[in-house]
Every structure is written in C-alpha cells, then in structure tokens.
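First residue of the sequence shown? That's 17 in our numbering, and the numbers climb one at a time after it.
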Amino acid sequence: MRNIRVRFAPSPTGALHIGGVRTALYNYLFAKKFGGAMILRIEDTDSARFVSGAEEYIIESLRWLNIKIDEGVGIGGQHAPYRQSERKGIYKQYVDFLVENNAAYIAFDTPEELDARRAEIPNFQYDASTRMKMKNSLSLSKAEVEELINGGKNYVVRFKIEPNQEVEVFDLIRGKIVVNSSVLDDKVLYKSADNLPTYHLANIVDDHLMEISHVIRGEEWLPSAPLHVLLYAAFGWADSMPQFAHLPLLLKPGGNGKLSKRDGDRLGFPVFPLNWKDPKTAEISAGYREAGYFPEALVNFLALLGWNPGTEQEIFAMDELIQLFSLDRVSKSGAKFDYEKAKWFNHKYLQMKTDEEITDEFNKILIEKNIIADTDTLIKIVALMKERATFIADLWEQCKFFFTAPQSYDEKAARKHWKEDSAQQMTELAKTLQNIDDFTATHTEAVVMQWITDNGYSLGAVMNVLRIALAGASKGPHLFDIMEIIGKNETLQRINKIVEIMASG
Ligand code: GLU
Numbered sequence: 017m018r019n020i021r022v023r024f025a026p027s028p029t030g031a032l033h034i035g036g037v038r039t040a041l042y043n044y045l046f047a048k049k050f051g052g053a054m055i056l057r058i059e060d061t062d063s064a065r066f067v068s069g070a071e072e073y074i075i076e077s078l079r080w081l082n083i084k085i086d087e088g089v090g091i092g093g094q095h096a097p098y099r100q101s102e103r104k105g106i107y108k109q110y111v112d113f114l115v116e117n118n119a120a121y122i123a124f125d126t127p128e129e130l131d132a133r134r135a136e137i138p139n140f141q142y143d144a145s146t147r148m149k150m151k152n153s154l155s156l157s158k159a160e161v162e163e164l165i166n167g168g169k170n171y172v173v174r175f176k177i178e179p180n181q182e183v184e185v186f187d188l189i190r191g192k193i194v195v196n197s198s199v200l201d202d203k204v205l206y207k208s209a210d211n212l213p214t215y216h217l218a219n220i221v222d223d224h225l226m227e228i229s230h231v232i233r234g235e236e237w238l239p240s241a242p243l244h245v246l247l248y249a250a251f252g253w254a255d256s257m258p259q260f261a262h263l264p265l266l267l268k269p270g271g272n273g274k275l276s277k278r279d280g281d282r283l284g285f286p287v288f289p290l291n292w293k294d295p296k297t298a299e300i301s302a303g304y305r306e307a308g309y310f311p312e313a314l315v316n317f318l319a320l321l322g323w324n325p326g327t328e329q330e331i332f333a334m335d336e337l338i339q340l341f342s343l344d345r346v347s348k349s350g351a352k353f354d355y356e357k358a359k360w361f362n363h364k365y366l367q368m369k370t371d372e373e374i375t376d377e378f379n380k381i382l383i384e385k386n387i388i389a390d391t392d393t394l395i396k397i398v399a400l401m402k403e404r405a406t407f408i409a410d411l412w413e414q415c416k417f418f419f420t421a422p423q424s425y426d427e428k429a430a431r432k433h434w435k436e437d438s439a440q441q442m443t444e445l446a447k448t449l450q451n452i453d454d455f456t457a458t459h460t461e462a463v464v465m466q467w468i469t470d471n472g473y474s475l476g477a478v479m480n481v482l483r484i485a486l487a488g489a490s491k492g493p494h495l496f497d498i499m500e501i502i503g504k505n506e507t508l509q510r511i512n513k514i515v516e517i518m519a520s521g
C-alpha cells in the first residue's frame, strides 16, 4: 500500500470557517490513524482574493486545536515550498506540457468578448461546441497566435475537454459518480497576465508532486472532481491519482442549506475557531476560543458532525478519535450544526477538569476583578459550583456572592419569601449562630435544624430567607456550604443586613 499522505489546502481568503476546521480535523485523524503525514499547503494563487493575516489565522487555529502538521507552511519538508505563490516557477512547465500534447490550448478572448458571446449564445459554455468560434490557438493560425503573443497580448491556457466521454470519479464516501464530459467547460488553467496557474492546475500538480494519497475535502469541491480526473489522465498520472473523499456539508441548525456566518450572527454562535478581525472593515467576528471553548471540546464536537463511531459513546479524546476514525463512517448527507450540542460538550469537558485546573483559570478572572482569594477556598467554591457552568467565565456570575455580599436582592424572590415574622426569625438565627465556634457546614446545619425544630418554625420559610440574605436570590448551592466558605462574620453581617434592609423597605 502506498504511504498515506493527506493535505489541508486552504486558500487564505479570510477567517477559516468552522467547516474548514472540520476538513482539517478529518484529514488529520485519517493521516494519524495510518501513521501517515498531514501536510499544510496554502493555495494563494488567486491574488485578488488574498487577505492578509488569513494564513497566520489558519496556522494559529490548527495549533490551538492540536491538529498537528507534519509538513507544510511554517514547518517545511521535502516538498518545500508549500505556499503556492512561492511555487510559481514550478507550474509553467506543466502548462506547456499540456499545450504541447494538444490537451490544452491558448485563448485570447478578452472579458468583453466573452461577455458578448454570453449575451449572444444562450447557456454559453466555452467548450467543444463553441471553442472554434472563439479566439484561440485552435481557431487561429499558428502565425496569428505567435503574432498575438509576441505583441504582448494577454492570454489564458484552457484545458481541452473532449466531449461525450463518461468520466468516472470514485469517491470513498459517495461511491462511483459518472459525469458526461460535455457538461464540463474548458477550464482556465493558467493566466499569462500574472504568470500564475489557477486553482485547478496548481492543485493537481501539487497533489501529484507532494505524493498525496487521499484528497479529503468539502463537498463544494465535488463538481471539480471530474475535471481533476481528466487532468490526471492528461498528465499520464492516472495510476498515482489520489483517492477522493468529499465530506458532507455543515447545514444550518434548521437543516435547510449550508451553514453561514449569518446563521451564527442571527442565532448567536461563532462560525470561526478564533476571533477574526477583518483587515478591511475592522469588523470582529467571534471565535470559539474567545467564547470560552476548550479546544478538545470543539474537536470532539466537530468530529461527530458528519462522522459517527457506530456506538453510543460521545466523549472522545483526540487519540481515541484517531483510533476509531474511518471514512466509511462519514455520512453522505449534510450534518446539522447543533450549537447546543457544542455547549453540551464544553460543559462535559469542564466537568472532566480537576478542581485545581478550573481554579487556576477562574482565578484569572478574579484577578482581573481585583479579587484576591485564597486558593483552598477557591477550590472549595469550584468543587461546589462547577456542575452549573458551561464555560469558566460562567463561574463568576454563579459564584460572585462568595466574594461580595449581595448589593440588592432578587425582588420577586424577596417579595415572595419575606414574611411578617422573617425579621424576628433572622435576628434570632443570627444570635444562635453567634454562639457557634465550629462553622463547618455539618455543624451549623445540625445547630440550625435543631433551632428550627425547637421553635416550631417552617424549614422552608427560614431557608428561603436565609438563602436570599446570603446569595441575593433563590439560587445557589447548599446553604451551609456557603456559610462555611464565607465564614461566621460575613454570614452574620449578611443576615443582619437583610433584616435592616427589608424592615426599612
Ligand atoms: N484551496 C481549496 C480551498 O480553499 C482547496 C480545495 C481542495 O482541497 O482541493 O478549499
């Protein structure tokens, strides 16, 4: 069997879309499963679409997600350079080869002339049915062609597609696809104006030179596959042609159509791995990293968007994914983008972290808020509260009452639970607690329960008010845990304060 070599070949035209991230991930999983190589090639031959910063963004995204590149831009390797704009000198000889072998031809039609033809001929396509009416090396004499070239006229090289051939594409996900070559047009492979090949030519030549064994890419490239098969044949490379696998689309959460940035804006979720600042408009688009996602959670989520292991298991570390991944378990149909599921994964991954790890991250947020907290106390708080958090940042909203006394009380809760005898009960409770030295949760709980029973108070009534006094609202963890963490003084202060505020209000 040939060496497994795959490539992720993005064009640096902006932020890497989350679908592109999935493509990179599947390439990586496939390569690593077979001990193969993952190559990063930057396809930047279309200078009009080049966006500065995009390449760095792609590299940083892959690094963050732990999708490791073996060869490629930023790393080097036996087939360097891996940036197509730096490979300019390589492509021309392949273009010339096709022209010399009558598999391609030179065309001089200007954009205006092409537009005129389009207006004139319904469903115009530059192909066997029209090419002799156009201005090219097939319709003009050799002398005319030479004259035009020598006169400095810009030209393109077009692939000469023979009509009415059955072109077979074997796709590892979709099976055999047969396309009649008459539907294909004579694609431009090269432009003399910038001395650069187009995507199609550079893509095929590089896949060949870089000994790519499998082309795993998004479904949007499936229509190019028949052309690519014909190009391999024209070069005489059919035997070493890579195998194709076109991945299913990522669909809108509703399922109708392709996931777009607008869906993310509309429904409030990122479609990019990292924040992206558009260099032209300075507009910032949200990224998963900055939204608080763990890279492993995003990887796990994306792995299951279009692939499944055939079992009920949902949580997979990268190593497990590598072991289990296979292209024949990639689905043919599009995968609905379920953002709630992304959050679910993050919640799960947060729970898998140790309290110490979470505390380290949470402490960064506290430091920003100028809160200095003792580490052991923080670890206790984290242990108590993490179950409620999807992101580390959630912990602040959920835990802030541990660090600062409530500034106000949830109005609805206070109105509902503050009764005529609440002030008297709370005053009495404060006195009872005042006498306790051991403020551990189990001890205070025993004392308070006894006090409630002895006085015949309603447990619910006391607890509800106490909760509002300590946490500001009808939420939060076990009350006696809160008391242990904030300590005796703070507990008494908060109880006295609610009496003061509610009695005067
Ligand atoms: N440069 C193409 C892209 O931006 C690569 C398509 C392919 O993988 O062949 O996705």
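We treat Cβ as the ideally placed atom computed from N, Cα and C, and that holds for glycine. Bear in mind that the values here come from a model prediction, so they are computed numbers and not experimental data.
| Check | Outcome |
| --- | --- |
| Would you mind working out which of PHE317, ALA261, ASP426 and GLY280 sits nearest ALA15, comparing C-alpha positions? | Here the chain has residues from 17 to 521 only, and residue 15 is not among them. |
| Let me confirm a value: MET401 is counted as buried when at least 16 other C-beta atoms fall within 10 Å, else exposed. Which label applies? | buried |
| With which residues is PHE175 paired in a DSSP beta bridge? | ALA120 |
| On the premise that LEU205 lies in contact with ALA120, defined as a C-beta separation below 8 Å, what is that separation, rounded to the nearest angstrom? | 6 Å |
| Thinking just about the alpha-carbon of each residue, which of HIS244, LYS207 and ASN82 is nearest to the one in ALA254? | HIS244 |
| Could you tell me which uninterrupted alpha helix (DSSP H) segments, each at least 4 residues in length, are contained entirely in the region 21–100, listed from first to last along the chain? | 34–49 and 70–80 |
| Are GLU227 and HIS262 closer than 8 Å when you measure CB to CB? | no |
| For HIS230, report the span of its beta strand (DSSP E) as first-last. | 230–234 |
| What are the start and end residues of each continuous beta strand (DSSP E) run of 3 or more residues lying completely inside the region 195–227, in chain order? | 204–207 |
| Quick one: any contact between the region 497–517 and the region 437–457, if contact means 3 or more CB pairs under 8 Å? | yes |
| For LEU265, which residues of its own chain have a beta-carbon under 7 Å away from its beta-carbon, when the five flanking residues on both sides are left out? | GLU235, LYS274 and GLY350 |
| Helix, strand or coil for HIS494? Go by DSSP, reduced to three states. | coil |
| Within this structure, are the beta carbons of ILE75 and LEU41 separated by less than 8 Å? | no |
| When DSSP labels each residue in this structure, what does GLN466 get in the three-state scheme? | helix |
| Spell out the partners DSSP gives GLY303 in its beta bridges. | PHE288 |
| Tell me the rounded alpha-carbon separation between TYR215 and TYR355. | 33 Å |
| Check for me: the alpha helix (DSSP H) holding ASP279 runs from which residue to which? | 277–283 |
| Excluding five sequence neighbours on each side, which residues of the same chain lie with their C-beta closer than 6 Å to the C-beta of TRP434? | MET518 |
| Measure the Cβ-Cβ separation of GLU59 and PRO97 and say whether it is below 8 Å. | no |
| Straight-line CA distance for SER347 to ALA250? | 32 Å |
| Out of ALA319, LEU495 and TYR110, which one is the CA nearest neighbour of LEU45? | ALA319 |
| Shorter than 7 Å, the distance from the beta carbon of TYR42 to the closest heavy atom of the ligand GLU, or not? | no |
| Measuring only from the beta carbon, is SER229 closer than 7 Å to any heavy atom that is part of the ligand GLU? | no |
| Look at ASN324 and ARG345 and say whether their C-beta atoms are less than 8 Å apart. | yes |
| Taking only heavy atoms of the ligand GLU into account, decide whether any of them is closer than 7 Å to the Cβ of SER208. | no |
| Are there any heavy atoms of the ligand GLU lying less than 7 Å away from the beta-carbon of SER27, as far as the coordinates show? | yes |
| Tell me the rounded alpha-carbon separation between THR458 and PHE496. | 7 Å |
| Mapping the DSSP letters down to three states, classify GLN141 as helix, strand or coil. | coil |
| Can you check which of these residues, VAL67, THR39, ILE232 and ALA429, is closest to ALA298 by C-alpha distance? | VAL67 |
| Out of ARG404, MET368 and TRP412, state which residue places its alpha-carbon closest to the alpha-carbon of ILE522. | Outside the modelled stretch of the chain, which goes from 17 to 521, sits residue 522, for which no answer is possible. |
| For the ligand GLU, any of its heavy atoms closer than 7 Å to the Cβ of ARG345? | no |
| Could you give the DSSP three-state label for LEU188: helix, strand or coil? | coil |
| Name, in chain order, the residues that DSSP records as bridge partners for GLN259. | HIS230 |
| Am I right that VAL481 and SER520 are in contact with their C-beta atoms under 8 Å? What's the rounded C-beta distance? | No, VAL481 and SER520 are not in contact; Cβ-Cβ is about 16 Å, not under 8 Å. |
| Using a Cβ distance threshold of 8 Å, determine whether the region 388–407 contacts the region 363–373, with at least three qualifying pairs required. | yes |
| Are the CB atoms of PRO289 and LEU32 within a distance shorter than 8 Å? | yes |
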